[in-house]
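Below is one structure, written out as structure tokens; the observations come after it.
In UniProt numbering, the protein residues as written are 1 to 108.
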């Protein structure tokens, strides 16, 4: 399977309002499930996609997440950009807490 581009991954993960229902259907396809769960190997892209996925699972807008984190919608949009290199651990901790998630960092 060829490496997917950022646009292809986001398109696959940008499932809209009925995220959970649509995702359950799509995860029945083994190829989709493998692509969905496999990290890309790009820490910036993977971090952006994790934030997008967690936010969409909570059915939150960028603005709603920003309010919970105490920042702007534009700041959340930057965090969700794969080209943004300014993420701090403190900010990621706040985002994780706002999404009721645990932040894990591993060296492999």
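Built from N, CA and C at the ideal position, the CB exists for glycine as well.
Can you grab the Cα-Cα spacing for the pair residue 87 / residue 30, in whole Å?
The count along the chain shown starts at 1 and reaches residue 87 at position 87. The count along the chain shown starts at 1 and reaches residue 30 at position 30. Straight-line Cα distance between these residues: approximately 33 Å.
Classify residue 55: buried if its beta carbon has 16 or more other beta carbons within 10 angstroms, exposed otherwise.
Translated into positions along the chain shown, residue 55 becomes position 55. Result: buried.
Within 7 Å of any Cβ in chain D, is that where the Cβ of residue 76 sits?
Among the chains of the structure shown, chain D does not appear; only one protein chain is present.
Kindly indicate which three-state DSSP category residue 105 falls into: helix, strand or coil?
Locating residue 105 in the chain shown gives position 105, counting from the first residue. Coil.
Starting from residue 44, trace the alpha helix (DSSP H) in both directions and tell me its first and last residue.
For this step, residue 44 is matched to residue 44 along the chain shown. Per DSSP, residue 44 belongs to the alpha helix (DSSP H) from 43-57.
Buried or exposed for residue 52, please, with buried defined as at least 16 other CB atoms from any protein chain shown within 10 angstroms of its CB.
Locating residue 52 in the chain shown gives position 52, where the first residue counts as 1. When all chains shown are included, residue 52 counts as buried.
Is the stretch 30-47 close to the stretch 63-77, with three or more CB pairs under 8 Å?
With the cut-off at 8 Å, the stretch 30-47 and the stretch 63-77 do not touch.
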